[in-house]
Amino acid sequence: MTTKQVQKFGQERRKKSREQDTYYKVVVTLNSLAWLSLLICLILFHFARPEMVSGVQQFWGIEGRTSWSAEYIDALVMLLQACLVTSLVTMFLRSRRNRRKSDRYGVNLFILAGISSLSLVTLNAAALS
Numbered sequence: 103m104t105t106k107q108v109q110k111f112g113q114e115r116r117k118k119s120r121e122q123d124t125y126y127k128v129v130v131t132l133n134s135l136a137w138l139s140l141l142i143c144l145i146l147f148h149f150a151r152p153e154m155v156s157g158v159q160q161f162w163g164i165e166g167r168t169s170w171s172a173e174y175i176d177a178l179v180m181l182l183q184a185c186l187v188t189s190l191v192t193m194f195l196r197s198r199r200n201r202r203k204s205d206r207y208g209v210n211l212f213i214l215a216g217i218s219s220l221s222l223v224t225l226n227a228a229a230l231s
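Per the working numbering, the sequence shown starts with residue 103, numbered consecutively.
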């Protein structure tokens with residue numbers, strides 16, 4: 103493909119800035135969605151865990167939930183799996199597009215994948231015991 107053919111179809115992608123690149127915008131959007139899903143997982147975890155029954159509640163006979171909510175746990179596991187898959191896909195997409203020495207690989211994706219996988223392992227271990 104000659105230079106004239108490249109110019110005919112638009113700007114060459116290696117000279118295009120990252121902010122104008124659609125592929126880069128998709129990767130950033132996926133990264134943001136993955137982190138947002140982890141934030142939603144934290145909210146689900148808050149509602150899934152057992153309530154702490156204080157002495158005042160015991161005195162007045164107010165009952166609290168002392169077991170984990172199965173509905174919230176199921177949603178939490180599904181969302182953690184989606185978060186892990188999204189972070190792995192984003193890591194793969196970033197690895198295919200990094201073309202400059204100054205391009206960073208995205209340490210935050212490794213952290214997100216680690217948190218997601220560790221949470222899934224912990225939930226699975228807790229369910230088995």
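Don't be surprised by glycine CBs; every beta carbon is placed ideally from N, CA and C.
Using the C-alpha atoms, what's the distance from A136 back to F149? 20 angstroms
Looking only at C-alpha atoms, which of L141, S156, V187 sits nearest to F212? V187
Since I believe F147 is in contact with L178 (beta carbons under 8 angstroms), could you give me their beta-carbon distance rounded to a whole number of angstroms? 6 angstroms
Would you call the CB atoms of L195 and Y125 closer than 9 angstroms? yes
Have a look at L214 and F161 and give me their C-alpha separation to the nearest angstrom. 43 angstroms
N210 vs N133 beta-carbon contact at 9 angstroms: yes
Just to confirm, is the Cβ distance from Y207 to S218 under 9 angstroms? no
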